[in-house]
Structures are given as structure tokens and as C-alpha cells.
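Accompanying notes for the structure given below.
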């Protein structure tokens, strides 16, 4: 079995030596290490280290306690230690567009996305049969600007203690700041990359009318500021004057489902560290 150690701290000499020496003394075999330092002074250091746990002389929880006492606290680190055996619980919010949701469900069903999906919530009933065919519970919670407070209270009640991550797989409602704060750092959204150039209704029609040469998708963490959270992943595809509006929509759907699935997988594999309004992604 493997475990992952994520670290963020002020950059200084000796960090790698301190961490690797600690793990060596406790019988860990390092199998992967990635790191990054920011350029500004004083710099910030980030590390993702993966190691085998079979030879450890301590249970993982006690290893974490020892790491805090011997390395983490003395060096002023923010850190997280997690076993690959831990499966994140990923709840999905969706409206009527099914492409991003089904990509997550298929990846989960095939075992490519090593998570548990305890619940899918939608403000429309349309996708209930598709979701339930995967053996996943489906909850219909109507939502609008007039009923948002009550709808979000129902969603929070269903999600509390059941979800480590909330994924907006084309959920076409704006979440309130209170909802976002409750799951701070644990909500991922997907949208087309035309924002803010083609905001509002029918962005692909707007893009077609402007003769764009690329379409794209962006997955990001949700913050109280709409579509302004730290970006986890993006991708683009080239288009030409020969492509119709529907061609652009089809390309956009394909990008959205793949980008969202990657972002969710990277988050759940502890490959993402947030730094201000940016992310460090050890993909």
C-alpha cells in the first residue's frame, strides 16, 4: 500500500533531507517525489511525496504524529498525510446536461476514479434513471432564485458528513456564499473557457458569430466570487470556419467531461495544492 505526504512551507535549505531522513528511519520506501518553489522572496516550497507503507515501524496515524513533532512543527510546515486506501466521497451536483456527470460515473464504475460516489443531486428530475442505473442514489432538489435558501438547506443536510468533495458537473445554479463557505476548498466546477468573453446565454452561438478558432474548458475550485477560483485544469481544441455551432458545442462537451474528470482525479489523489488564487498541480 502507498501513502502520500503533501507539504507547503517557507522555502529553506534542508527540507528534502529532513523529510527523506525521517521516512527512512521509519522504514518507508519513497517511490515518487515532486517539488516546486515559487520565485518570489521569501519563496514558498511545495512537495508531493509518495511512499510504500509495508515496511513502516509505526501505524500511519502514529507516523503522522511523529512527523509533526520531529519535522512538521519545527520547520513550520502545513502538511497532509493520507493513505491510498482512503477513498474520497465525491457528491455530484448536476442539472440537465449529462456529459460531465456520465464521464465521472463511467470512470468510477471502471475503477479509474478511486472514490465513492454517495449521492447525485439535481435541480431537475431528468437524469434520475441514468444515475440510478449505476447504483448511485439520486436526489431531486428544485432550485431557483426564489427557493435557493430552502433548496440549499436540503442539499447541505444531504451532503453533511457524506461528501469530502462536491463536484458541479454542469449544475446551472449559482451557489450562495454560505454554501461555498461550508465546503470551502472542496467544490470543483467545470465551465467553457470563453468566460468572460462570452458570458450569458448560448456562449457557443456567441463564439460562432465571432469566428473563434479555439474552444476550451476550465475546471476550478469554487469561491464566493463567480468563476474566479483557482484553476486546476484546462484544455482547448482548434476549430475553423467549417465548424457549425453544434460542432462547437460537441467539442466543448468533450473537453468539459475530460477536463472535469482529470481535475477530480488529481484532487482525490492529493496532487493539488492551492497557493493564493493559483494551484500547484503535481500531475
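In my numbering, the protein residues as written are 155 to 437. Just so it is clear, CB atoms sit at the ideal spot from N, CA and C, and this is done for glycine as well.
**Message:** Tell me the DSSP secondary structure of residue 275 in three-state form.
**Reply:** On the chain shown, residue 275 is found 121 positions in, with the first residue counted as 1. In this structure, residue 275 counts as strand in the three-state DSSP scheme.
**Request:** Quick one: grab the DSSP three-state call for residue 431.
**Result:** The residue labelled residue 431 in the question sits at position 277 within the chain shown. Correct three-state label for residue 431: coil.
**Prompt:** Where does residue 185 sit, in a helix, a strand or coil, going by DSSP?
**Reply:** Translated into the one-based positions of the chain shown, residue 185 becomes position 31. Here residue 185 sits in strand by DSSP.
**Prompt:** Taking the continuous alpha helix (DSSP H) assigned at residue 297, which residues delimit it?
**Reply:** In the chain shown, residue 297 corresponds to position 143, counting from 1. No alpha helix (DSSP H) holds residue 297; DSSP gives it neither H nor E.
**Request:** Quick one: which unbroken beta strand (DSSP E) runs of 3-plus residues sit fully inside the region 218-259? Chain order, please.
**Result:** 232-237 and 242-248
**Alpha carbon of residue 270 to alpha carbon of residue 436, nearest angstrom** = Working through the chain shown from its first residue, we reach residue 270 at position 116. Working through the chain shown from its first residue, we reach residue 436 at position 282. Looking at the two C-alpha atoms, the distance is approximately 22 Å.
**Request:** Measure the CB-CB distance between residue 377 and residue 334 and report whether it falls below 8 Å.
**Result:** By one-based count along the chain shown, residue 377 stands at place 223. By one-based count along the chain shown, residue 334 stands at place 180. Yes, the Cβ-Cβ distance between residue 377 and residue 334 is below 8 Å.
**Prompt:** Under 8 Å, do residue 388 and residue 330 count as touching if we go by C-beta distance?
**Reply:** Residue 388 sits at position 234 when you count from the first residue of the chain shown. Residue 330 sits at position 176 when you count from the first residue of the chain shown. For residue 388 and residue 330, no; Cβs fall outside 8 Å.
**Item:** Residue environment, residue 364, which counts as buried when at least 16 other CB atoms sit within 10 Å
**Value:** Reading the chain shown from its first residue, position 210 is the one you call residue 364. So residue 364 ends up on the exposed side.
**Request:** Give the C-beta separation of residue 320 and residue 247 to the nearest angstrom, bearing in mind that I take them to be a contact with Cβ-Cβ under 8 Å.
**Result:** In the chain shown, the residue the question calls residue 320 occupies position 166. In the chain shown, the residue the question calls residue 247 occupies position 93. Indeed, because the Cβ distance is near 6 Å, the residues count as touching under 8 Å.
**Request:** Would you give the residue range spanned by the beta strand (DSSP E) that residue 206 belongs to?
**Result:** The count along the chain shown starts at 1 and reaches residue 206 at position 52. Residue 206 -> beta strand (DSSP E) spans 198-206.
**Prompt:** What residue range is occupied by the uninterrupted beta strand (DSSP E) comprising residue 162?
**Reply:** Your numbering for residue 162 matches position 8 in the chain shown. Its beta strand (DSSP E) spans residues 156-164.
**Under the three-state DSSP convention, the category residue 389 falls into** = Locating residue 389 in the chain shown gives position 235, counting from the first residue. Strand at residue 389.
**Message:** By alpha-carbon positions, which one of 425, 414, 421 and 424 ends up nearest to residue 257?
**Reply:** Along the chain shown, one-based indexing puts residue 257 at 103. Minimum Cα distance to residue 257 is reached at 414.
**Item:** Which of helix, strand or coil DSSP assigns to residue 395
**Value:** Taking the first residue of the chain shown as 1, we reach residue 395 at position 241. Coil, per DSSP.
**Euclidean distance between Cα positions of residue 155 and residue 238** = In the chain shown, counting from the first residue as 1, residue 155 sits at position 1. In the chain shown, counting from the first residue as 1, residue 238 sits at position 84. Their backbone Cα atoms lie some 7 Å apart in a straight line.
**Asked** Is it buried or exposed for residue 186, if we count other Cβ within 10 angstroms and need 16 for buried?
**Response** The residue given as residue 186 occupies position 32 in the chain shown. Its Cβ having fewer than 16 others within 10 Å, residue 186 is exposed.
**Item:** Closest Cα partner of residue 260 within the set 278, 240, 290 and 313
**Value:** Your numbering for residue 260 matches position 106 in the chain shown. Cα-wise, what sits closest to residue 260 is 290.
**Asked** Looking at residue 184 and residue 203, is the spacing between their C-beta atoms short of 8 Å?
**Response** Counting from one through the chain shown, the residue named residue 203 turns up at place 49. Counting from one through the chain shown, the residue named residue 184 turns up at place 30. Yes, Cβ-Cβ distance for residue 203 and residue 184 is below 8 Å.
**Item:** Where the beta strand (DSSP E) containing residue 341 begins and where it ends
**Value:** By 1-based counting over the chain shown, the position of residue 341 is 187. From DSSP, the beta strand (DSSP E) with residue 341 extends over 341-346.
**Request:** Using only alpha-carbon positions, find the residue among 361, 309 and 214 that is nearest to residue 235.
**Result:** Indexing the chain shown from 1 puts residue 235 at position 81. Nearest option by C-alpha distance: 214.
**Message:** The alpha helix (DSSP H) that contains residue 332, what's its start and end?
**Reply:** Residue numbering aside, residue 332 sits at position 178 when the chain shown is read from its first letter. Segment 331-336, the alpha helix (DSSP H) holding residue 332.
**Item:** Bounding residues of the alpha helix (DSSP H) (the contiguous stretch that carries residue 177)
**Value:** As a working note, residue 177 is residue 23 in the chain shown. From DSSP, the alpha helix (DSSP H) with residue 177 extends over 169-179.
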